[in-house]
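Number of protein chains: 2
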Amino acid sequence: MRDFSQQEMAERNYIFDTIKSVFRTFGYAQIETPSMESLSTLLGKYGDEGDKLLFRVQNSGEKAAQAPEKGLRYDLTVPFARFVVMHQNEISFPFKRFQIQPVWRADRPQKGRYREFYQCDVDVIGSKSQLNELELVQIVDKVFSLLDIRVVLKINNRKVLTGLAEICGAPDKVVDITVAIDKLDKIGLDAVKDEMREKGLTDSAIAVLEPVLTLSGSTEEKLAKMRSIMSGSETGLRGLDELEELFGFISEAGVTVPAELDLSLARGLNYYTGAIFEVKALDWEIGSICGGGRYDNLTGIFGLPDMSGVGISFGADRICDVLKGLEKFPAGLRSTTDLLFANMGEAEVKYLLPVASALRAKGVAVEIYPDSTKLKKQFDFADRKAIPFFSITGADEAAAGTVQIKNLASGEQRVFAKDDLDGILCFLGK
Amino acid sequence: MRDFSQQEMAERNYIFDTIKSVFRTFGYAQIETPSMESLSTLLGKYGDEGDKLLFRVQNSGEKAAQAPEKGLRYDLTVPFARFVVMHQNEISFPFKRFQIQPVWRADRPQKGRYREFYQCDVDVIGSKSQLNELELVQIVDKVFSLLDIRVVLKINNRKVLTGLAEICGAPDKVVDITVAIDKLDKIGLDAVKDEMREKGLTDSAIAVLEPVLTLSGSTEEKLAKMRSIMSGSETGLRGLDELEELFGFISEAGVTVPAELDLSLARGLNYYTGAIFEVKALDWEIGSICGGGRYDNLTGIFGLPDMSGVGISFGADRICDVLKGLEKFPAGLRSTTDLLFANMGEAEVKYLLPVASALRAKGVAVEIYPDSTKLKKQFDFADRKAIPFFSITGADEAAAGTVQIKNLASGEQRVFAKDDLDGILCFLGK
Numbered sequence: 001m002r003d004f005s006q007q008e009m010a011e012r013n014y015i016f017d018t019i020k021s022v023f024r025t026f027g028y029a030q031i032e033t034p035s036m037e038s039l040s041t042l043l044g045k046y047g048d049e050g051d052k053l054l055f056r057v058q059n060s061g062e063k064a065a066q067a068p069e070k071g072l073r074y075d076l077t078v079p080f081a082r083f084v085v086m087h088q089n090e091i092s093f094p095f096k097r098f099q100i101q102p103v104w105r106a107d108r109p110q111k112g113r114y115r116e117f118y119q120c121d122v123d124v125i126g127s128k129s130q131l132n133e134l135e136l137v138q139i140v141d142k143v144f145s146l147l148d149i150r151v152v153l154k155i156n157n158r159k160v161l162t163g164l165a166e167i168c169g170a171p172d173k174v175v176d177i178t179v180a181i182d183k184l185d186k187i188g189l190d191a192v193k194d195e196m197r198e199k200g201l202t203d204s205a206i207a208v209l210e211p212v213l214t215l216s217g218s219t220e221e222k223l224a225k226m227r228s229i230m231s232g233s234e235t236g237l238r239g240l241d242e243l244e245e246l247f248g249f250i251s252e253a254g255v256t257v258p259a260e261l262d263l264s265l266a267r268g269l270n271y272y273t274g275a276i277f278e279v280k281a282l283d284w285e286i287g288s289i290c291g292g293g294r295y296d297n298l299t300g301i302f303g304l305p306d307m308s309g310v311g312i313s314f315g316a317d318r319i320c321d322v323l324k325g326l327e328k329f330p331a332g333l334r335s336t337t338d339l340l341f342a343n344m345g346e347a348e349v350k351y352l353l354p355v356a357s358a359l360r361a362k363g364v365a366v367e368i369y370p371d372s373t374k375l376k377k378q379f380d381f382a383d384r385k386a387i388p389f390f391s392i393t394g395a396d397e398a399a400a401g402t403v404q405i406k407n408l409a410s411g412e413q414r415v416f417a418k419d420d421l422d423g424i425l426c427f428l429g430k
Numbered sequence: 001m002r003d004f005s006q007q008e009m010a011e012r013n014y015i016f017d018t019i020k021s022v023f024r025t026f027g028y029a030q031i032e033t034p035s036m037e038s039l040s041t042l043l044g045k046y047g048d049e050g051d052k053l054l055f056r057v058q059n060s061g062e063k064a065a066q067a068p069e070k071g072l073r074y075d076l077t078v079p080f081a082r083f084v085v086m087h088q089n090e091i092s093f094p095f096k097r098f099q100i101q102p103v104w105r106a107d108r109p110q111k112g113r114y115r116e117f118y119q120c121d122v123d124v125i126g127s128k129s130q131l132n133e134l135e136l137v138q139i140v141d142k143v144f145s146l147l148d149i150r151v152v153l154k155i156n157n158r159k160v161l162t163g164l165a166e167i168c169g170a171p172d173k174v175v176d177i178t179v180a181i182d183k184l185d186k187i188g189l190d191a192v193k194d195e196m197r198e199k200g201l202t203d204s205a206i207a208v209l210e211p212v213l214t215l216s217g218s219t220e221e222k223l224a225k226m227r228s229i230m231s232g233s234e235t236g237l238r239g240l241d242e243l244e245e246l247f248g249f250i251s252e253a254g255v256t257v258p259a260e261l262d263l264s265l266a267r268g269l270n271y272y273t274g275a276i277f278e279v280k281a282l283d284w285e286i287g288s289i290c291g292g293g294r295y296d297n298l299t300g301i302f303g304l305p306d307m308s309g310v311g312i313s314f315g316a317d318r319i320c321d322v323l324k325g326l327e328k329f330p331a332g333l334r335s336t337t338d339l340l341f342a343n344m345g346e347a348e349v350k351y352l353l354p355v356a357s358a359l360r361a362k363g364v365a366v367e368i369y370p371d372s373t374k375l376k377k378q379f380d381f382a383d384r385k386a387i388p389f390f391s392i393t394g395a396d397e398a399a400a401g402t403v404q405i406k407n408l409a410s411g412e413q414r415v416f417a418k419d420d421l422d423g424i425l426c427f428l429g430k
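Rendered as structure tokens:
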């Protein structure tokens, strides 16, 4: 687990503030759920592996023999489902919510994997319209454009994957088929066919799939070809209809991010029922930095059936890595203080107190060095904290009713009447 | 533990955003520490009662027999001390940090007590100057003035309390003496004297304390009287010097919050070594809403001695109660969406998509109802979410290149050319 320093907080806040500002313009509401949920809420929702990675929480007050009844949040999705069911009478559906909170996984610590990390989820629940999918695409577009990260958005549809398995007579092999298709770029067509054979697909099934593996052209062309291949699967055709509608919405809405049909995309396969999304950075080698999809029965397990929803999750740690790698964090993120007044003694400090207050009232971040110590030490403090302006206002300046301020980057030094707030603000670039 | 709805999040964010904006103008840096700390870091820091209230965390992967090695954060102070010691070589001292994170206590749930709640701490560590105390007073002043809550700031000094116990010959009875003085307002002088007698104070000790119990007048007068009473205690006199210096700073700095010397104030007695603060709301009956003090050895227990610091903590839940009780939350905190476009069908929605995008680019929060359903249902949705503007833009408006927008509060209805962003923004009050 990690401490977050001032610098790291500034970077994380920059990412979350950017994302939140976009969520807000689409009318999403922020909620939070408690860190702990009943174990009965959490267990069995993430597979056996997930159950093992749950942190269980013991009251110290409880007898040691007593089994823990609570676990720490493993993701934001299950608590969100529990929230929707519990508050269904207070919620106006379709419910558009976002949630930015830490989650915990008892993973073996390794590079880039943390036992505590923030998730940032945005979902609409209670509407089947693909305008919701479009909205998430627009959010992706806007967020990465604001963050100045070039990305590609890959889109698939779970029903198409189901359809593929159906048309080659292996409806139970949808995972194997998808995994194999996913490797096409890396291992080539023949190896993919070998792998399918190993997984038990017949040669005739593979012959049916081959045109899919070699699909090329524009999204429209791909969809048209798929439509003929898919003609035997009702589910597959519905998936193609959905994709066609969504790509239509995307082009109408003036989305600028490149959106690609990617039939190998299969994240969260057992969970999603319609659209599937994944966002990859174009200029930095890293896994997906955002992804999600539509689910038709998130809340059914908690007793509220037929609640279709769609959501995506932004990977804050990876986005942070990309911004760092591409040096795209805005300059000046680090410094919190604009101006440091050196402490030249009690009388001078008392003279400066109202000046500092007046500047703070204008939104300037001002520090007065608290101890009357060597000037060198005070200057080093400003330097280490990258404070851009430093003031040595001593007895002479106080007697003259002035303050001296130096721009540490340019070396420019100016003297202002202590009431000349406008002059000082202008010099500070405020 | 609590879910936080959109409304509650908006209220909490309002409080924290206000507080953070003030912290920033004083150059405080935000940090975060992990939710879990080693049990060895946490145990023994909060007394026996605190140890019992620690939540212990078990990896599911660990053998059931294995004792938990981690506990959930109980407050922000101990993790801060651990942080300072661990990162001492990266930190520029004096280190001014704030931290806003949840803490957990395995308390029996009761009204107004939660097992998970946010703390909001601000501290300076590595400086003995009382300019730091002043800064915290200025922060209190500014925060509650921005929140529009009238408060009184009570100030005491631990050294004065030690001095009182010394001059009546009972240096071990500093807690008993302080607790007794604290009851003066409620039970009267004679009952306080009885209680002191019960606690084993001699009549002559009580005679020495009586002038303190009946102290009145201005802060200056109180300090002067205390100085004569205290003349036998070096520690007590140093405490009075500190109080005099601090009240001097406060009057020089133009602080507007009433700051009162309160000799009965003794929060965190075993912990604080100098100034002690407490903030009470004047117009709402509730415990203290902010408090803190100076500590001389926070980090000693982790191997870094002689690090004096001073800090205060804002009680977010109580501040929220006060703002609710006094109806001081700003209007409009609830609605996240400015304008809802009704969904009149796919063609109309496609017509509206670029309009919605253009408005969002101007910072307006816009929703398009995702489903083409009964207008009554869409209107009810706007109503329940308190969305102030509603647009029914149908085929006729689309054909004419216009959008219709209605102000739901005033009933005023206008039609704009779809490109007339300025006109729309003005109508929306943006």
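As they're listed, the protein sequences go chains R and E. Just so it is clear: in the first sequence, position 393 is 393 by the working numbering, and no numbers are missing. Just so it is clear: in the second sequence, position 72 is 72 by the working numbering, and no numbers are missing. All residues carry an ideal CB built from backbone N, CA and C; glycine is no exception.
Check your understanding: At which residues does the beta strand (DSSP E) containing R:G417 begin and terminate?
Key -> Stepping through the first sequence from its first residue, residue 417 of chain R is reached at position 417. For the sequence presented, residue 417 of chain R should be read as Ala rather than Gly. Going by DSSP, R:A417 is part of the beta strand (DSSP E) stretching over 413-417.
Practice item. Please classify R:V403: does DSSP put it in a helix, a strand, or coil? Key: The residue given as residue 403 of chain R occupies position 403 in the first sequence. Strand at R:V403.
Review point. Just to confirm, are E:G274 and E:V124 a CB contact at a threshold of 8 angstroms?
Key: In the second sequence, the residue the question calls residue 274 of chain E occupies position 274. In the second sequence, the residue the question calls residue 124 of chain E occupies position 124. Cβ distance not < 8 angstroms, so E:G274 and E:V124 don't count as in contact.
Check your understanding: For the stretch 249-289 of chain R, which segments carrying the beta strand (DSSP E) assignment without a break, of at least 3 residues, lie completely within its bounds, in sequence order?
Key -> 259-261, 275-281
Practice item. State the beta-bridge partners of E:I155 as determined by DSSP. Key: Taking the first residue of the second sequence as position 1, residue 155 of chain E is located at position 155. Per DSSP, E:L261, E:F277.
Practice item. Spell out whether any CB of chain E is found under 8 angstroms from the CB atom of R:A342. Key: Taking the first sequence and counting its residues from 1, the one referred to as residue 342 of chain R is at position 342. No, its Cβ sits nowhere closer than 8 angstroms to a Cβ of chain E.
Review point. Apart from the five residues just before and just after R:V152, which ones in its own chain have a Cβ nearer than 7 angstroms to its Cβ?
Key: Here residue 152 of chain R refers to the residue found at position 152 when the first sequence is read from its first residue. Within the same chain, R:V152 has close Cβ partners P258, E260, K280, L282.
Check your understanding: Mind checking R:V415: buried by the 16 CB within 10 Å criterion, or exposed?
Key -> If you number the first sequence from 1, residue 415 of chain R lands on position 415. Exposed, because fewer than 16 other Cβ atoms sit within 10 Å of the Cβ of R:V415.
Review point. By Cβ distance below 7 angstroms, which residues in the same chain neighbour E:I250 in space, the five residues on each side in sequence not counted?
Key: In the second sequence, residue 250 of chain E corresponds to position 250, counting from 1. Close CB contacts of E:I250 within its chain, under the 7 angstroms cut and outside five residues either way in sequence, are with L134, V137, A259 (chain order).
Practice item. Using three-state DSSP, classify E:F390 as helix, strand or coil. Key: Locating residue 390 of chain E in the second sequence gives position 390, where the first residue counts as 1. Strand, per DSSP.
Check your understanding: What in chain E is Cβ-close to R:L366, meaning under 9 angstroms?
Key -> Residue numbering aside, residue 366 of chain R sits at position 366 when the first sequence is read from its first letter. The sequence shown places Val at residue 366 of chain R, not Leu. Going along chain E in sequence order, the residues near R:V366 (Cβ under 9 angstroms) are T25, F26, G27.
Check your understanding: Using 8 angstroms as the limit for Cβ to Cβ distance, is E:Q58 near chain R?
Key -> One-based indexing of the second sequence puts residue 58 of chain E at position 58. Put simply, the CB of E:Q58 is near chain R, with a gap under 8 angstroms to one of its CB atoms.
Review point. Out of curiosity, what's the CA-to-CA distance linking R:S435 and R:A170?
Key: Since the displayed chain R opens at 1 and closes at 430, residue 435 of chain R lies outside it and no answer follows.
Check your understanding: What span of residues does the alpha helix (DSSP H) with R:V124 cover, start to end?
Key -> Position 124 of the first sequence holds residue 124 of chain R. No alpha helix (DSSP H) holds R:V124; the beta strand (DSSP E) holding it covers 116-125.
Practice item. Would you check if the distance between the CB atom of E:I19 and the CB atom of E:V143 is smaller than 8 angstroms? Key: As a position in the second sequence, residue 19 of chain E is number 19, starting the count at 1. As a position in the second sequence, residue 143 of chain E is number 143, starting the count at 1. Their beta carbons are under 8 angstroms apart, which means E:I19 touches E:V143 by this criterion.
Review point. Residues of chain R with CB under 7 angstroms from E:R2, in chain order?
Key: Residue numbering aside, residue 2 of chain E sits at position 2 when the second sequence is read from its first letter. The answer, in chain order, is P34.
Review point. Of all Cβ atoms in chain E, is any one closer than 8 angstroms to the Cβ of R:S5?
Key: Sequence index remark: in the first sequence, residue 5 of chain R carries index 5 (1-based). Yes, R:S5 lies at the interface with chain E (some Cβ there is under 8 angstroms from its Cβ).
Point to revise | Neighbour flag for R:D321 against chain E, beta carbons, 8 angstroms | key: For the purposes of this step, residue 321 of chain R is taken as the residue at position 321 of the first sequence. Judged by the 8 angstroms Cβ criterion, R:D321 is not in contact with chain E.
Exercise for review: Helix, strand or coil for R:I310, going by three-state DSSP, please let me know.
Suggested key: Taking the first sequence and counting its residues from 1, the one referred to as residue 310 of chain R is at position 310. One point to set straight first is that residue 310 of chain R is Val, not Ile, in the sequence displayed. Correct three-state label for R:V310: strand.
Review point. Apart from the five residues just before and just after E:L146, which ones in its own chain have a Cβ nearer than 8 angstroms to its Cβ?
Key: For the purposes of this step, residue 146 of chain E is taken as residue 146 along the second sequence, with counting starting at 1. Taken in chain order, the residues that qualify are T18, S21, V22.
Practice item. Taking the CB atoms as reference points, tell me whether E:L425 and E:T393 lie closer together than 8 angstroms. Key: Translated into positions along the second sequence, residue 425 of chain E becomes position 425. Translated into positions along the second sequence, residue 393 of chain E becomes position 393. Their beta carbons are not under 8 angstroms apart, which means E:L425 does not touch E:T393 by this criterion.
Check your understanding: Comparing alpha-carbon positions, which option in R:T337, R:C290, R:G303 lies nearest R:G363?
Key -> On the first sequence, position 363 is the one that residue 363 of chain R refers to. Per the Cα distances, R:T337.
**Study point:** Beta-carbon gap between R:F277 and R:I139 smaller than 8 angstroms
**Key:** Position 277 of the first sequence, counted from the start, is the residue given in the question as residue 277 of chain R. Position 139 of the first sequence, counted from the start, is the residue given in the question as residue 139 of chain R. The Cβ atoms of R:F277 and R:I139 do not sit closer than 8 angstroms to each other.
Review point. Is the beta carbon of R:N407 sitting closer than 8 angstroms to the one on R:S372?
Key: As a working note, residue 407 of chain R is residue 407 in the first sequence. As a working note, residue 372 of chain R is residue 372 in the first sequence. No, they are not a contact pair.
Review point. Would you report the Cα separation of R:I229 and R:L223, rounded to the nearest angstrom?
Key: Here the question's residue 229 of chain R lines up with position 229 in the first sequence. Here the question's residue 223 of chain R lines up with position 223 in the first sequence. For R:I229 and R:L223, the distance between alpha carbons rounds to 10 angstroms.
Check your understanding: With a Cβ-Cβ cutoff of 8 angstroms, do R:C290 and R:F314 count as a contact?
Key -> Translated into positions along the first sequence, residue 290 of chain R becomes position 290. Translated into positions along the first sequence, residue 314 of chain R becomes position 314. Against a cut-off of 8 angstroms, the Cβ pair of R:F314 and R:C290 comes out as a contact.
Practice item. Taking all protein chains shown into account, decide if R:D141 is buried (16 or more other Cβ within 10 angstroms of its Cβ) or exposed. Key: The count along the first sequence starts at 1 and reaches residue 141 of chain R at position 141. Answer is buried; the Cβ neighbour count reaches 16.
Point to revise | C-alpha distance - R:G112 paired with R:T77, whole-angstrom precision | key: Here the question's residue 112 of chain R lines up with position 112 in the first sequence. Here the question's residue 77 of chain R lines up with position 77 in the first sequence. Looking at the two C-alpha atoms, the distance is approximately 22 angstroms.
Review point. So, is the C-beta of R:M307 closer than 8 angstroms to a C-beta in chain E?
Key: In the first sequence, residue 307 of chain R corresponds to position 307, counting from 1. Not closer than 8 angstroms to any Cβ of chain E, the Cβ of R:M307 fails to qualify, so no.
Practice item. Taking the CB atoms as reference points, tell me whether E:F389 and E:L428 lie closer together than 8 angstroms. Key: The residue given as residue 389 of chain E occupies position 389 in the second sequence. The residue given as residue 428 of chain E occupies position 428 in the second sequence. Their beta carbons are under 8 angstroms apart, which means E:F389 touches E:L428 by this criterion.
Review point. Which residues in chain R sit within 7 angstroms of E:Q30, going by Cβ to Cβ distance?
Key: For the purposes of this step, residue 30 of chain E is taken as the residue at position 30 of the second sequence. In chain order: Q6, M9.
Practice item. Please name the residue, chosen from E:F117, E:I368, E:A347, that lies closest to E:R2 on a Cα-to-Cα basis. Key: The residue given as residue 2 of chain E occupies position 2 in the second sequence. Ranking E:F117, E:I368, E:A347 by Cα distance to E:R2 puts E:F117 first.
Point to revise | Where R:K96 sits in the DSSP three-state scheme | key: Position 96 of the first sequence, counting from 1, holds the residue named residue 96 of chain R. Reduced to three states, the DSSP call for R:K96 is strand.
**Study point:** Cβ-Cβ distance between E:K173 and E:L201 below 8 angstroms
**Key:** For the purposes of this step, residue 173 of chain E is taken as residue 173 along the second sequence, with counting starting at 1. For the purposes of this step, residue 201 of chain E is taken as residue 201 along the second sequence, with counting starting at 1. Yes, these two residues count as a Cβ contact at 8 angstroms.
Review point. From this set, R:V85, R:L209, R:Q101, which residue's C-alpha is nearest R:L164's C-alpha?
Key: Looking up residue 164 of chain R in the first sequence gives position 164. Taking only the C-alpha atoms, the option nearest R:L164 is R:L209.
Check your understanding: Run through DSSP, which three-state label would R:V364 get?
Key -> The residue labelled residue 364 of chain R in the question sits at position 364 within the first sequence. Reduced to three states, the DSSP call for R:V364 is coil.
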